[in-house]
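In the numbering used here, the protein residues as written are 428 to 758.
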C-alpha cells in the first residue's frame with residue numbers, strides 16, 4: 428500500500444513517479460483532481476481521463492486515484508455524476524468521494540457519499556474508495572469523523588464498506604502560496620488516526636505540501652497511513668525552469684512566463700491580498716512560482732522551455748530527490 432500520493436501536475440512528474448516505482452519496486456499513487464485531468468479535458472498535458480489512465484497504468488507499481496470526485500469539484504459547476512461514472516468505467520483504482528463542497532451539512536454529506544459510492548459500484552465492482560474531505564473544504568472534529576465513518580458503514584452495508592480503504596484525517600494543514608501555513612494539531616490528528624484504525628480504515632492527510640522531513644516523520648509516528656502532496660511537485664518543476672531563465676538573464680522569457688501565469692488568474696486562489704504590497708519584481712517571481720504549473724501545457728510555455736534543453740533532466744532529478752526524502756521520512 429502506498430504511503431505517498433502525488434498530484435500529476437505534469438508529464439515530467441508522471442514519468443518520474445513511474446520510473447521511480449518500477450526501479451525501486453515501491454507503490455506511489457498518482458491522484459489527479461477533476462480540474463487537472465477530466466473526461467473532457469484539463470490543464471495537465473492536455474490529457475483526458477482515459478489518456479492519463481492508459482499512459483500511467485503502464486507501470487504496475489503506480490496506484491491511480493481520482494482526487495475530490497463529486498459535485499462542484501470540476502472546472503464548471505455540476506453534480507459530478509458524469510465524471511464519476513466515467514472514472515469508474517475507465518478504471519481508477521481508487522475514487523475519493525467528496526460531496527462536501529456542495530453538501531457541507533453532516534447528514535447531507537454522508538447521504539451523498541453513500542449514494543455516490545453505490546452508483547460507482549454498479550459501474551465497476553473493482554473500485555475502492557476514500558471518504559471525507561480536507562479542512563479547507565469542510566472542517567470536522569474527530570467525533571464528526573467517527574459519525575461519518577459509522578453512518579457510511581451502516582448505509583453501505585458490510586460488503587460494500589469493505590471497499591472503503593481510506594478516510595481523510597484533518598491535522599491542521601493548509602497551503603498559501605508555496606508554503607504550508609497549517610498549525611499541526613497533534614491531538615486531533617492522533618484521535619482521527621485512531622478512529623480510522625478502529626473501523627479498519629487507513630488514514631490519509633491531504634495538503635502535505637512543503638512539510639519538512641521532521642514534520643512528515645511526526646505524522647507517520649502517530650500512525651498516519653498516507654499523505655497527499657500535489658502543488659509542491661508542480662512548484663519544483665516551475666522553480667527549475669525559473670532558475671534557467673534567471674541564470675541565462677533571459678528577461679524576455681521571464682516576462683512571457685509571468686504574463687502567462689498572471690493572465691491565467693490561477694495564482695489568485697493561492698496568494699493573499701498582501702501580494703500587492705510586494706515590489707513588482709518580487710510579485711512577478713511569486714506569481715510564477717505559485718501558478719507556473721497551470722500553464723505547462725500551453726504552446727507559449729513550451730516555446731520558453733525549449734530554450735533550455737537540459738531542464739527536464741534537472742526537473743526529474745529534483746522530483747526524485749523530494750520523493751526519496753518523503754518516503755524516507757514516512758518509514
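Using N, Cα and C, we set each Cβ at its ideal position, and we do this for glycine too.
Straight across, the Cα-Cα distance linking residue 738 with residue 594 is about 38 Å. Here the C-alpha atom of residue 580 lies approximately 33 Å from the C-alpha atom of residue 756. Assigned with DSSP and collapsed to three states, residue 517 falls in helix.
Counting along the chain, residue 530 sits inside no alpha helix (DSSP H), nor does DSSP assign it H or E at all. Excluding residues up to 5 positions away in sequence, 459, 461, 462, 463, 475 and 502 lie with their Cβ nearer than 8 Å to the Cβ of residue 469 in the same chain. Just so you know, the alpha carbons of residue 712 and residue 436 end up roughly 19 Å apart. Contact check between the segment 545 to 565 and the segment 510 to 524: three or more CB pairs, one atom from each, fall below 8 Å, which counts as touching.
The C-alpha of residue 674 is placed about 47 Å away from the C-alpha of residue 506. Each of 428, 485, 616 and 575 was checked against the Cα of residue 532, and the nearest Cα belongs to 575.
Under the three-state reduction of DSSP output, residue 646 falls in the helix class. Judged by beta-carbon spacing, residue 497 lies within the 8 Å limit of residue 524, meaning their Cβ atoms are closer than that value. Judged by their CB atoms, residue 634 and residue 661 are not nearer to each other than the 8 Å cut-off. Counting along the chain, the unbroken beta strand (DSSP E) around residue 496 starts and ends at 489 to 496.
Secondary structure at residue 601: coil, using DSSP grouped into helix, strand and coil.
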